[in-house]
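Protein chains in written order, with our numbering: chain G, 1 to 351; chain L, 352 to 689.
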């Protein structure tokens, strides 16, 4: 894809574009993409089960619940390009379950956190928006739009300071780009050549406000030209595109430390949060959502794997069943887990 | 012991810590090439290099965010706010992120960072550069807030803050930065003395009795602790013996020291530069009422700034924050009560 040019939204991109992206010079790594496909299916089933459990209201899920369905290729493709042994790390926002699952965090601990249980990754103190996994370099999900972006600058700074050749990936959405701290961060990251890969998950909407209604310049990636930062826009629904481009960028960042801005065009299937599922038609049509699902990242991956002979229908069926079973097992684990004990209330305020 | 100014003690603390721990670095506006706006970091860039003395754009949220992330990744950033008033554009990073990261991630991370800078009312800097914002930070579980009042504590508390594993806000009392050692010692002999031991630190959360007395307890922090010492000198001329308790640290708050003093004097005056309404003095007074009501012979008196944005004109400014005469008047109110 051309740098600095506005791409059609992922929803409108045709099949021709997908094929073009998948014709690569590198040999197709069947094992790797099969693994990514499995991860994506696991995330989807996990998220859909969360939606059901939220509606049911009996599993302890309250507050806000932001689901990643439709955006899975981004977390899997990009986190899959990182190397923890080099110091690579990442930080996210509140739509964060997928990052942890893509990084290999224990789904039981993620689900238990969403349900507010003592066995959750954040001991039930953070909830859905504050999943993290320090051991896997996941510096957490944050609830304030754009609030995680300045912190990524510091994570990247630490890599530079320690003279490591790692990179920090910062995931954020289109809404973050209208926060002041975002622009302070991009300017400083470029100024200091801090190795942060800024990943814009452009799903078209900041809560219920479309790009057109909130960005004076709807070509979001081009906004970073004012920071003289390198950038690219890709189809975030295609796992091969995402992973290959991320791998190239990360390799380049290791050779020549500097930030990079990668816009991934995507779409979310659920409401902004599970609580406002019913209000979606206020800002987008059912037809638009259905149309977007024609470019489902799981279906695209499936098709590719089938074409490459890396999977068959039976295996696809089996992977789905396993993913559903894993999600259900995580909910069962959570249901059987204790609530945080009262003495946890005052712990962990200070180190 | 060496006699020095408050600002020199800050410089010494930073120098000692940056030399002691390779993970310590300083980041902020004009800290490096410009030598620091008020030259707290004079000569540091030359000595420690640009990775450890980081000049930034005027981007406070970026500075604090850089600090938070670096701290989470194991470094010990010292983020300078040119004035603490400028922490407000970064308040979301401080209050919503730095303060909460440990708790909301169940203890998986720590944020050993310092946010420091000159604070308080200073000559005619008016509404946006002359105020005490400690309540905004004290209202955040997860932060620590320290307010050094003497050269020794400027060194000791700043060093303790840098070594602490939590985000610590160090509110430096600009009004008394440039007092000369003999001016300090004139207020009270020995006040300008700073231990030279590079391992000297003042533990966070321990108040000190700056001056002993028996008739009334003055409880304060930062510049106002020095105002209380001046008031105590005036009161002594009238035969009134005032004990001055300097809290040093507002979060954690050591109430045991002032309560022990009140047990002895039976009268308390709480003095603060900031606005009284919902201020730190309100919390301290409430705790005295809850925990020492039967030790008191008089209602707790509060002395605080006028509830207005700081006016520019000297004629109005002097009316807007407490001086030693206001403290003396409050002491007399406390003593008049039977």
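Beta carbons: idealized from backbone N, C-alpha and C, even for Gly.
Can you list the residues of chain G that residue 426 of chain L reaches, using a CB-CB cut of under 9 Å? For the purposes of this step, residue 426 of chain L is taken as the residue at position 75 of the second chain. The contacting residues are 154, 157, 158, 161 and 162.
Identity of the residue in L:467, L:435 and L:570 nearest residue 561 of chain L by Cα: Your numbering for residue 561 of chain L matches position 210 in the second chain. Ranking L:467, L:435 and L:570 by Cα distance to residue 561 of chain L puts L:570 first.
If we define contact as Cβ-Cβ less than 8 Å, is residue 330 of chain G a contact residue for chain L? Along the first chain, one-based indexing puts residue 330 of chain G at 330. No, because no Cβ of chain L sits closer than 8 Å to the Cβ of residue 330 of chain G.
Taking C-alpha atoms, which residue in G:144, G:169, G:98 and G:351 lies nearest to residue 327 of chain G? Within the first chain, numbered from 1, the residue matching residue 327 of chain G stands at position 327. Checked all of G:144, G:169, G:98 and G:351; the closest Cα to residue 327 of chain G is G:98.
Going straight from the alpha carbon of residue 540 of chain L to that of residue 494 of chain L, what length do you get? Taking the second chain and counting its residues from 1, the one referred to as residue 540 of chain L is at position 189. Taking the second chain and counting its residues from 1, the one referred to as residue 494 of chain L is at position 143. For residue 540 of chain L and residue 494 of chain L, the distance between alpha carbons rounds to 34 Å.
Give me the residue from G:268, G:245 and G:221 with the minimum Cα distance to residue 261 of chain G. For the purposes of this step, residue 261 of chain G is taken as residue 261 along the first chain, with counting starting at 1. When only C-alpha atoms are compared, the closest one is G:221.
Whole-angstrom C-beta distance between residue 653 of chain L and residue 621 of chain L, which should lie under 8 Å: Within the second chain, numbered from 1, the residue matching residue 621 of chain L stands at position 270. Within the second chain, numbered from 1, the residue matching residue 653 of chain L stands at position 302. With a beta-carbon spacing of about 5 Å, residue 621 of chain L and residue 653 of chain L fall inside the 8 Å limit used to define contacts.
At 3 residues or longer, and completely inside the stretch 257–299 of chain G: list those beta strand (DSSP E) runs for me, N to C. Segments of the beta strand (DSSP E) lying fully in the stretch 257–299 of chain G: 260–265.
Just how far apart, CA to CA, sit residue 665 of chain L and residue 477 of chain L? For this step, residue 665 of chain L is matched to residue 314 along the second chain. For this step, residue 477 of chain L is matched to residue 126 along the second chain. It is roughly 10 Å from the alpha-carbon of residue 665 of chain L to the alpha-carbon of residue 477 of chain L.
Any beta carbon from chain L within less than 8 Å of residue 339 of chain G's own beta carbon? Within the first chain, numbered from 1, the residue matching residue 339 of chain G stands at position 339. So, not an interface residue.
Counting only Cβ pairs nearer than 8 Å, list the residues of chain L close to residue 348 of chain G. Position 348 of the first chain, counted from the start, is the residue given in the question as residue 348 of chain G. Neighbours of residue 348 of chain G on chain L, chain order: 453, 454, 457 and 458.
Which one or two residues does DSSP pair with residue 559 of chain L in a beta bridge? Against the second chain, residue 559 of chain L aligns to sequence position 208. As computed with DSSP, residue 559 of chain L is found in a beta bridge with L:597.
Three or more C-beta pairs under 8 Å: does that hold for the stretch 372–381 of chain L against the stretch 525–534 of chain L? No, the stretch 372–381 of chain L is not in contact with the stretch 525–534 of chain L.
Taking C-alpha atoms, which residue in G:143, G:299 and G:331 lies nearest to residue 63 of chain G? Reading the first chain from its first residue, position 63 is the one you call residue 63 of chain G. Out of G:143, G:299 and G:331, G:143 has the C-alpha closest to the C-alpha of residue 63 of chain G.
Could you pull out every residue in the same chain whose Cβ sits closer than 7 Å to the Cβ of residue 3 of chain G, ignoring the five residues on either side in sequence? Looking up residue 3 of chain G in the first chain gives position 3. Residue confidence is low: residue 3 of chain G scores 44 on pLDDT, short of 50, so the model does not pin down where it sits. No coordinate-derived value is stated.
Residue-chain proximity (residue 432 of chain L, chain G), Cβ-Cβ < 8 Å: Here residue 432 of chain L refers to the residue found at position 81 when the second chain is read from its first residue. The beta carbon of residue 432 of chain L sits no closer than 8 Å to any beta carbon of chain G.
Neighbourhood of residue 501 of chain L by C-beta distance below 7 Å, restricted to the same chain and skipping five residues each side: Taking the second chain and counting its residues from 1, the one referred to as residue 501 of chain L is at position 150. Short of 7 Å from the beta carbon of residue 501 of chain L, and not among the five residues preceding or following it, lie these beta carbons of its own chain, in chain order: 542.
Do the stretch 66–80 of chain G and the stretch 23–39 of chain G make contact, defined as three or more Cβ pairs closer than 8 Å? At 8 Å Cβ cutoff, the stretches touch.
Among G:210, G:265 and G:335, nearest to residue 285 of chain G - alpha-carbon criterion: As a working note, residue 285 of chain G is residue 285 in the first chain. The shortest Cα separation from residue 285 of chain G among G:210, G:265 and G:335 belongs to G:210.
Sub-8 Å separation of residue 168 of chain G and residue 195 of chain G beta-carbons: In the first chain, counting from the first residue as 1, residue 168 of chain G sits at position 168. In the first chain, counting from the first residue as 1, residue 195 of chain G sits at position 195. Result yes, Cβ atoms of residue 168 of chain G and residue 195 of chain G sit closer than 8 Å.
Express the C-alpha separation of residue 277 of chain G and residue 10 of chain G in angstroms, rounding to a whole number. Mapped onto the first chain, residue 10 of chain G falls at position 10. Mapped onto the first chain, residue 277 of chain G falls at position 277. With a pLDDT of only 42 at residue 10 of chain G, under 50, the local geometry of the prediction cannot be trusted, and no value is derived from it.
Where does residue 468 of chain L fall in DSSP's three states? Counting from one through the second chain, the residue named residue 468 of chain L turns up at place 117. Under the three-state reduction of DSSP, residue 468 of chain L is assigned to strand.
I think residue 185 of chain G touches residue 149 of chain G, with their Cβ atoms under 8 Å apart; what is that distance to the nearest whole Å? Position 185 of the first chain holds residue 185 of chain G. Position 149 of the first chain holds residue 149 of chain G. Right, the Cβ-Cβ distance comes to about 5 Å (below 8 Å), so this counts as a contact.
So what's residue 573 of chain L in DSSP terms, helix, strand or just coil? Reading the second chain from its first residue, position 222 is the one you call residue 573 of chain L. Three-state DSSP puts residue 573 of chain L in coil, outside helix and strand.
By Cβ distance below 7 Å, which residues in the same chain neighbour residue 454 of chain L in space, the five residues on each side in sequence not counted? Here residue 454 of chain L refers to the residue found at position 103 when the second chain is read from its first residue. For residue 454 of chain L, same chain residues with a beta-carbon under 7 Å away, outside a window of 5 residues either side, are 493 in chain order.
On a Cα-Cα basis, can you pick out the residue from G:240, G:159, G:108 and G:267 that is closest to residue 26 of chain G? Numbered from its first residue, the first chain carries residue 26 of chain G at position 26. Here the closest residue by C-alpha is G:240.
Residue environment, residue 30 of chain G, which counts as buried when at least 16 other CB atoms sit within 10 Å: Reading the first chain from its first residue, position 30 is the one you call residue 30 of chain G. So residue 30 of chain G ends up on the exposed side.
Can you tell me whether DSSP reads residue 202 of chain G as helix, strand or coil? Start at 1 with the first residue of the first chain, and residue 202 of chain G comes out as number 202. The answer is strand: DSSP assigns residue 202 of chain G an E or B state.
Proximity of residue 175 of chain G and residue 267 of chain G at Cβ, strictly below 8 Å: Taking the first residue of the first chain as 1, we reach residue 175 of chain G at position 175. Taking the first residue of the first chain as 1, we reach residue 267 of chain G at position 267. No.
Would residue 503 of chain L and residue 550 of chain L qualify as a contact pair, given that the criterion is a beta-carbon distance under 8 Å? The residue labelled residue 503 of chain L in the question sits at position 152 within the second chain. The residue labelled residue 550 of chain L in the question sits at position 199 within the second chain. The answer is no: Cβ separation not under 8 Å.
Residues near residue 160 of chain G in its chain [Cβ-Cβ closer than 6 Å; skip 5 each side]: Walking along the first chain from the start, residue 160 of chain G turns up at place 160. If you ignore the 5 residues before and after residue 160 of chain G, its C-beta comes within less than 6 Å of the C-beta of 194, all in its own chain and listed in chain order.
On a CA-only basis, which of G:58, G:66 and G:70 is nearest residue 40 of chain G? Give me that one, please. Reading the first chain from its first residue, position 40 is the one you call residue 40 of chain G. Among G:58, G:66 and G:70, the Cα nearest to that of residue 40 of chain G is on G:70.
Amino acids of chain L, ordered along the chain, whose beta-carbon sits closer than 8 Å to that of residue 147 of chain G: If you number the first chain from 1, residue 147 of chain G lands on position 147. Those are 443, 444, 447 and 448, listed as they occur along chain L.
6 Å CB neighbourhood of residue 591 of chain L in its chain, flanking five on each side removed: Position 240 of the second chain, counting from 1, holds the residue named residue 591 of chain L. Once the five neighbours on either side are set aside, the close Cβ partners of residue 591 of chain L are 566.
Which runs of the beta strand (DSSP E) at least 3 residues long sit entirely within the stretch 100–177 of chain G? Give them in chain order. You should have 138–142 and 168–173.
Can you check which of these residues, G:126, G:84, G:116 and G:117, is closest to residue 348 of chain G by C-alpha distance? If you number the first chain from 1, residue 348 of chain G lands on position 348. Considering only alpha carbons, the answer is G:126.
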